[in-house]
Amino acid sequence: MGIGGESESGSCLRAGSIDFPSSHFTSKFTMDAQKQLQARSEEFQALQTELEVLVDARQKLESQQQENEGVQTEFAQLDDEANIYKLVGPVLLKQDKSEATMAVNGRLEFIEKEIKRIEGEISATQEKSENMRSELIQLQSQAQQQAAAASASA
């Protein structure tokens, strides 16, 4: 059965996750409500996808943060004269401990800022998603009421 279309038996229309007998969708107003419900449902799915992408990005940043914190801990245990090498492509380059420590600290600051930014986006997207969910529930309720009114008048 296609969303918004007739089922294989031709007896039902589908609006969101609710099936209605097709005889209930005879008025243009009801069809417009069904199209609006479908459009909002697609917007909701897009928000859910966006939320998944943001959560994945946050997890990746948190992993990088843990890795850099581990490096920072290792650097703290080294003597100031210790040899530190940085892998650049296929080459190991010697680096001062202070220079390497500053680079790791800079990366950690950047990662922390990015995590905060992503968390802000996650919160905003979750809020939009909840508002959209409420709107979908309201539209489904209206569609059910219209269907009931149409069947009562038929």
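Just so you know, we're using this note's numbering here: the sequence shown kicks off at 181 and counts up by one. Heads up, the beta-carbon is just placed ideally off N, CA and C, and yes, glycines get one too. Since this is a predicted model, take the numbers as computed values, not measurements.
Who are Lys-274's beta bridge partners in DSSP? In the sequence shown, residue 274 corresponds to position 94, counting from 1. Answer is Tyr-265.
Based on Cα-Cα distance, which residue from Leu-227, Glu-223 and Gln-252 lies nearest to Ser-303? Translated into the one-based positions of the sequence shown, residue 303 becomes position 123. Selected option, being the one with the closest Cα: Leu-227.
Proximal residues to Gln-275 (C-beta, below 6 Å), its chain only, five neighbours per side dropped: Locating residue 275 in the sequence shown gives position 95, counting from the first residue. Residues Ile-264 and Lys-266 of the same chain have their beta carbon placed closer than 6 Å to that of Gln-275, with the five preceding and five following residues left out of the count.
With three or more C-beta pairs closer than 8 Å as the rule, is the segment 289 to 302 touching the segment 228 to 235? Taking 8 Å as the limit for Cβ pairs, the verdict is that the segment 289 to 302 does touch the segment 228 to 235.
Other residues of its chain near Asp-245: CB distance less than 6 Å, five sequence neighbours each side excluded: Here residue 245 refers to the residue found at position 65 of the sequence shown. Sequence inspection shows Gln at residue 245; the Asp mentioned does not correspond to that position. The residues are Ile-291.
Expressed to the nearest angstrom, what Euclidean distance is found between the alpha-carbon atoms of Arg-238 and Gln-225? The residue given as residue 238 occupies position 58 in the sequence shown. The residue given as residue 225 occupies position 45 in the sequence shown. Between Arg-238 and Gln-225, the C-alpha separation is close to 20 Å.
Of all the options Val-284, Lys-215, Arg-297 and Glu-289, which has the alpha carbon lying nearest to the alpha carbon of Asn-248? Position 68 of the sequence shown holds residue 248. When only C-alpha atoms are compared, the closest one is Val-284.
Please report the Cβ distance between Met-312 and Glu-223, rounded to the nearest whole angstrom; I am assuming they are in contact, meaning their Cβ atoms lie under 8 Å. Taking the sequence shown and counting its residues from 1, one reaches residue 312 at position 132. Taking the sequence shown and counting its residues from 1, one reaches residue 223 at position 43. That pair is a contact at about 6 Å.
In whole angstroms, what separates the C-alpha of Lys-277 from that of Ser-314? Looking up residue 277 in the sequence shown gives position 97. Looking up residue 314 in the sequence shown gives position 134. Whole-angstrom Cα-Cα distance: 55 Å.
Just the C-alpha distance for Ser-331 and Asp-236, rounded to the nearest angstrom, thanks. Counting from 1 along the sequence shown, the entry for residue 331 is found at position 151. Counting from 1 along the sequence shown, the entry for residue 236 is found at position 56. Cα to Cα, Ser-331 sits roughly 47 Å from Asp-236.
Which residue from Leu-234, Arg-220, Leu-258 and Gln-216 puts its Cα closest to that of Thr-305? To locate residue 305, count along the sequence shown from 1; it is residue 125. Nearest C-alpha to Thr-305: Leu-234.
In angstroms with no decimal places, state the Cα-to-Cα distance between Thr-253 and Glu-261. Numbered from 1 along the sequence shown, position 73 holds the residue referred to as residue 253. Numbered from 1 along the sequence shown, position 81 holds the residue referred to as residue 261. When rounded, the distance between both Cα atoms is 16 Å.
Following a CB-centred definition, is Glu-279 positioned closer than 8 Å to any heavy atom of the ligand COA? The model on display carries no ligand, and the ligand COA is accordingly not part of it.
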